[in-house]
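First to last, the protein sequences are chains A and B. Here the working numbering is used: the first residue of the first sequence is 11, the next is one more, and so on. Here the working numbering is used: the first residue of the second sequence is 114, the next is one more, and so on.
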Amino acid sequence: MLLLIARRLGLGLLVALTVMTLAFMLTRLSGDLAISIAGPSATQADVEIIRKAYGLDRPLYVQFFSWVGRAMVGDFGQSYFFKDSVSNLIAKRLPITLTLGLVGLSLALIISIPLGILAAVRENTWLDRGVTMFTMVGQAIPSFWLALILMIVLGLNLGILPISGTGTWQHFVMPGIVLAFTAIPALTRLTRSGMIEAMASDYIRTARAKGLSRARIIFKHALRNAAIPVVSIAAVQLGFMLGGSIVIETVFALHGVGYLGWESIAKNDFPVVQAVVLVLAAIYIGLTLLSDILNALLDPRLRTG
Amino acid sequence: MSALLDIEDLEVMFGGRSAAVRGASLQVEKGETHCLVGESGCGKSVTALSIMNLLARGGRRAAKRMSFAGTDLLSLSDREMARLRGNRISMIFQEPMTSLNPAFTIGSQMAEVLTRHKGGSRTAALERAVELMGRVGITAPEMRLGQFPHQLSGGLRQRVMIAMALMCDPELLVADEPTTALDVTVQAQILRLLATLKRELGLAILLITHDLGIVARVADRVSVMYAGEVVERAPTAELFRSPQHPYTRGLLSCVPVPGRVQRDRPLGSIPGVVPAIGPGFAGCAFRSRCSHADASCEREIPRRQAGSAHDYLCRLAPEFSEPQPA
């Protein structure tokens, strides 16, 4: 078990290094940073001053290692646009994104797991078909559309929830629902197929031959095995939710990390872009590690590493 | 005295079209080892599963009588049947590698049978599990409690299944080809174990197999199944000495017996395969493969007596002779 964790941690570090290299290279590939920072009205002299001031005149590898070196101790430099340190910017925005992601994932799990189990134990009934229909429709609905509909109905017509901003917990309900909807279809179908497979297995036949109650068969013996792929996908989905919530953060005016990343790309604020990419990658790596550990806890065959 | 398990005219249908079991009758007495033999696809496993009411979805069972120790199994609710399963009737399966849940320890899977049916503490149930694992010849039983199925060999897993089936002191053990997936030496150990358990615990065993070698070694009585029917029933020695049904004779001729089989002569075989029988089929299901068949085989076939405990389903009159090697 410890060996497994150590091995996965090492792998995670390698991935992080790769992401750092790629993030650094890709921002450099997008053009001459000194020119884009200086703006269209700048003279050649201005550009040269900026190039020197930001250290862009140094060789690439020097720039890279100085960035990596400082990033290791949490210093991502200054934002060119916000006049604040990148670390501060991210520290301020990360809680918003994390809250949104956790609300979204919790909602998604609370809805999709019972729904998947229900569809599986009632396989091929109208209930099962209804659930399948719901997941298909859910998959097809674009999140910006759902966001706008919810804003109109819950926010404007009924007036029970605020439509934008981050003031109170109520502000996270609607974005949470919309974000949950991006994961619900996949998680529901995965739970359903996992449960159907488990319920048809030999060990469930054994559990029935042992005279166990239906509830124990479904929730102990079958769900434990069906949960393994759901946990893996849920972790990846959470990563996707955190990094990919740009649309939702924009629609609901939630100034989270996704929104920050988008703003910085538009403004060529490359230290921020690099840091955002790295933070999101670190979150992904952390979640993958977490899902590996959870899976090993669920499935003893994976514990030997 | 009525039998422990008494089944008369069992029918099992899947999807209303194919009949897997057609009017099978079977009696298992207290404390006997009863073998149900036949080729693949003749309805042995389906019969076993229908006793447990564990048929796959879409399977329906019906019978004139299906009773266990005087209880009518057909009228029990799912809940009442679950109270019987694993408690008074246990079952073990052909697939030891996949029959245990990979996610739980051996101890937890064994203990839950006892706590479910008899109550009591988990600690007491684990003690019982250790005792039974010792009894079925598992070494270091205390260590096994914390192990997972994937850490055990196939033979050990089948022993665990047997020990688990014994947790509540059942009166009947239904064993569906318990040794088919195991290698020969392990097979012999498991069979010896079953024979010992039967003798020491007074356990009745319904052993399903296609292997006549196993039948000869462990069975007290035999029911031969063909295409969903029990075509011949007899005490083991009598069945081997004077088989009556042409199918039984065919089966016996397929088994090499030292001294009786000549070198360079082919072993017997039964031409063809078990036919799929649809509704409305009448007469003998074996006639398409039988060398004695004539037009009268398409009519209703009588059940003939060939001894006090020996009957068979064929138009041919009993003859008392040694089986002829084909």
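Ideal Cβ positions, reconstructed from N, Cα and C, are used throughout, including at glycine.
At a Cβ-Cβ threshold of 9 Å, Leu125/A and Val147/A do not count as neighbours. Take Thr228/B, set aside five residues on each side of it, and the residues of its chain with a beta-carbon closer than 7 Å to its own are Arg235, Ala238, in chain order. Close to chain B, meaning a Cβ-Cβ distance shorter than 7 Å, are the following residues of the segment 227-239 of chain A: His231, Arg234, Asn235.
If you draw a straight line from the Cα of Pro415/B to the Cα of Val344/B, it comes to about 11 Å.
At least one CB atom of chain B sits nearer than 9 Å to the CB of Ala217/A. Using a CB distance below 9 Å, the part of the segment 196-226 of chain A facing chain B consists of Ala210, Ser211, Asp212, Tyr213, Ile214, Arg215, Thr216, Ala217, Arg218, Ala219, Lys220, Gly221, Leu222, Ser223, Arg224, Arg226, ordered along the chain. Cβ-Cβ separation between Val257/A and Ser153/A: approximately 6 Å, consistent with a contact (criterion under 8 Å). The CB of Asp302/A never comes closer than 9 Å to any CB in chain B; the least such distance is about 16 Å. The three-state secondary structure of Pro262/B, taken from DSSP, is helix. Around the CB of Ala150/A, fewer than 16 other CB atoms lie within 10 Å, so the residue is classed as exposed. Of all C-beta pairs linking the segment 146-160 of chain B to the segment 313-330 of chain B, three or more are shorter than 8 Å, placing the two stretches in contact. Looking at Gln264/B, Leu295/B, Leu314/B, Ser163/B, the one whose alpha-carbon comes closest to that of Ala276/B is Leu314/B. Asp289/B counts as buried, since at least 16 other C-beta atoms from the protein chains shown sit within 10 angstroms of its C-beta.
In the DSSP assignment, Ser221/B falls within the unbroken alpha helix (DSSP H) covering 219-231. Neighbours of Leu110/A in chain B, taken as residues at a C-beta separation under 7 Å, are lacking, since the least C-beta distance is about 33 Å.
Within chain B, the C-beta atoms nearer than 8 Å to that of Asp309/A come from Pro215, Ala216, in chain order. Contacts between Leu168/B and chain A, judged by CB atoms closer than 8 Å, are missing: the closest CB pair is about 11 Å apart. Not a single CB atom of chain A sits nearer than 9 Å to the CB of Thr292/B.
In chain order, Pro359 place their CB closer than 6 Å to the CB of Cys403/B, counting only its own chain and leaving out the 5 sequence neighbours on each side.
Chain A has a Cβ within less than 9 Å of the Cβ of Asp191/B.
In this structure Ile293/A is not in contact with Leu264/A, their Cβ atoms being roughly 17 Å apart against a cut-off of 8 Å. In this model, His263/B and Ile251/B are separated by some 16 Å (Cα to Cα).
When C-beta distances to chain A are compared with 7 Å, every residue of the segment 169-181 of chain B stays at or above that value. Contact between the segment 91-105 of chain A and the segment 269-287 of chain A is present: 3 or more CB-CB pairs across the two stretches fall below 8 Å.
Using a Cβ-Cβ cut-off of 9 Å, Phe394/B does not count as an interface residue toward chain A, since no Cβ of chain A sits closer than that to its own. Going by beta carbons, Val273/B and Arg257/B fall inside the 9 Å limit. Here Gly156/B is near Val125/B, since their CB atoms are less than 9 Å apart.
No Cβ-Cβ contact shorter than 9 Å links Leu426/B with Glu351/B. Under the Cβ criterion of 9 Å, Met165/B is counted among the residues facing chain A.
Take the alpha-carbon of Val331/B and the one of Thr349/B: they are about 9 Å apart. Ala237/B has a beta carbon lying at 9 Å or more from every beta carbon in chain A. According to DSSP, residue pairing for Phe250/A in a beta bridge does not occur. With fewer than 16 other beta carbons inside 10 angstroms of its own, Arg313/A counts as exposed. The C-beta separation of Leu43/A from Phe280/A comes to about 6 Å, placing the pair in contact by the 8 Å criterion. Identification of chain A residues near Thr211/B by a Cβ-Cβ cut-off of 8 Å yields Ser211, Asp212, Tyr213, ordered along the chain. Among the residues facing chain A, Ser158/B is not included, as its CB has no counterpart in that chain under 9 Å away.
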